[in-house]
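First comes the structure, then the notes that go with it.
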Amino acid sequence: MKRFFLLLFLPLLAHADEIGTQYKAQAEAGDRRAQYYLADTYLSSGDETQARYWAEKAAQNGDADALALLAQMTLKTSFPQALTLAQQSSQAGSKAGEIILARILVNDQVGKTDYPQAIALLQKAAEDEESDSAVDAQMLLGLIYANGVNVTQDDDKATFWFKRSSSLSRTGYAEYWAGMMFELGEKGFIVPNKQKALNWFNVSCTEGFDTGCEEFDRLSGE
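Numbered according to our numbering, the sequence shown terminates at residue 224, and the numbering increases by one at each position without gaps.
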């Protein structure tokens with residue numbers, strides 16, 4: 003599964019000389035897709051310097067997904083710049099670009115939010131269940147309805163989208179992820195809410211995701 007909500011995914015443990023070896027030769031030869039995969043692999047490992055280097059190479063060579071990756075990394079420093087990159091990625095046909103654009107449009111750090119456009123982008127991406135992007139699109143749709151900011155809170159719709167997402171990845175995972183989001187919060191989008199976190203951890207547990215049960219027990223005891 004691709005990393006979406008970047009606060010929640012921990013770097014993978016790997017030795018520097020092992021990272022992206024399957025892509026390195028092609029990337030160095032100028033293959034833009036290999037450059038993108040290498041950038042994505044470096045980002046997963048926690049090496050953002052190398053990730054940005056190879057993503058910029060891929061983007062310069064016309065890879066639309068690389069623009070989405072750059073937008074994702076740029077969120078930490080500049081929402082307006084990340085918005086521009088996400089728009090370029092989306093316009094170039096990247097599903098990952100559509101999702102990161104939607105994520106930016108529901109965060110008030112960008113200025114004026116645009117929930118209708120974000121939801122339209124996500125619903126479009128969510129329908130292509132042959133793509134990994136559908137998993138992320140469905141999770142974000144669920145979170146928007148569970149959060150209830152600038153849209154009516156609707157736990158039935160949230161449950162619908164979380165279940166669809168989990169059916170493409172692992173049963174109970176999307177609900178666990180929602181619990182983490184509500185526990186940790188995300189500046190400009192999600193205000194930490196212990197009761198909502200407990201609710202979604204409990205749903206995850208009920209769905210059979212053991213980590214959801216562990217997180218529910220931990221948070222219940224605090």
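Note that the Cβ used here is the ideal one computed from N, Cα and C, for glycine as well.
For G181, the enclosing alpha helix (DSSP H) stretches over residues 175-186.
The three-state reading of DSSP puts I192 in strand, counting E and B together. Per the C-alpha coordinates, the member of T115, G99, N109 positioned closest to K126 is G99. In the structure shown, the three-state DSSP call for F164 is helix. Nearest C-alpha to K114 among N152, Y38, A139: N152. For the set K26, T161, K189, A136, the Cα lying nearest the Cα of A148 is the one of T161.
With fewer than 16 other Cβ atoms from the protein chains shown falling within 10 Å of its own Cβ, K196 counts as exposed.
Where K59 is concerned, the enclosing alpha helix (DSSP H) starts and stops at 50-62. At the C-beta level, L123 and I106 stay beyond 8 Å of one another. Of the candidates L186, T213, A66, Y117, A66 places its Cα closest to the Cα of R34.
A straight-line Cα-Cα distance of about 13 Å links A139 and S96. L170 carries a helical assignment under DSSP once its states are collapsed to helix, strand and coil.
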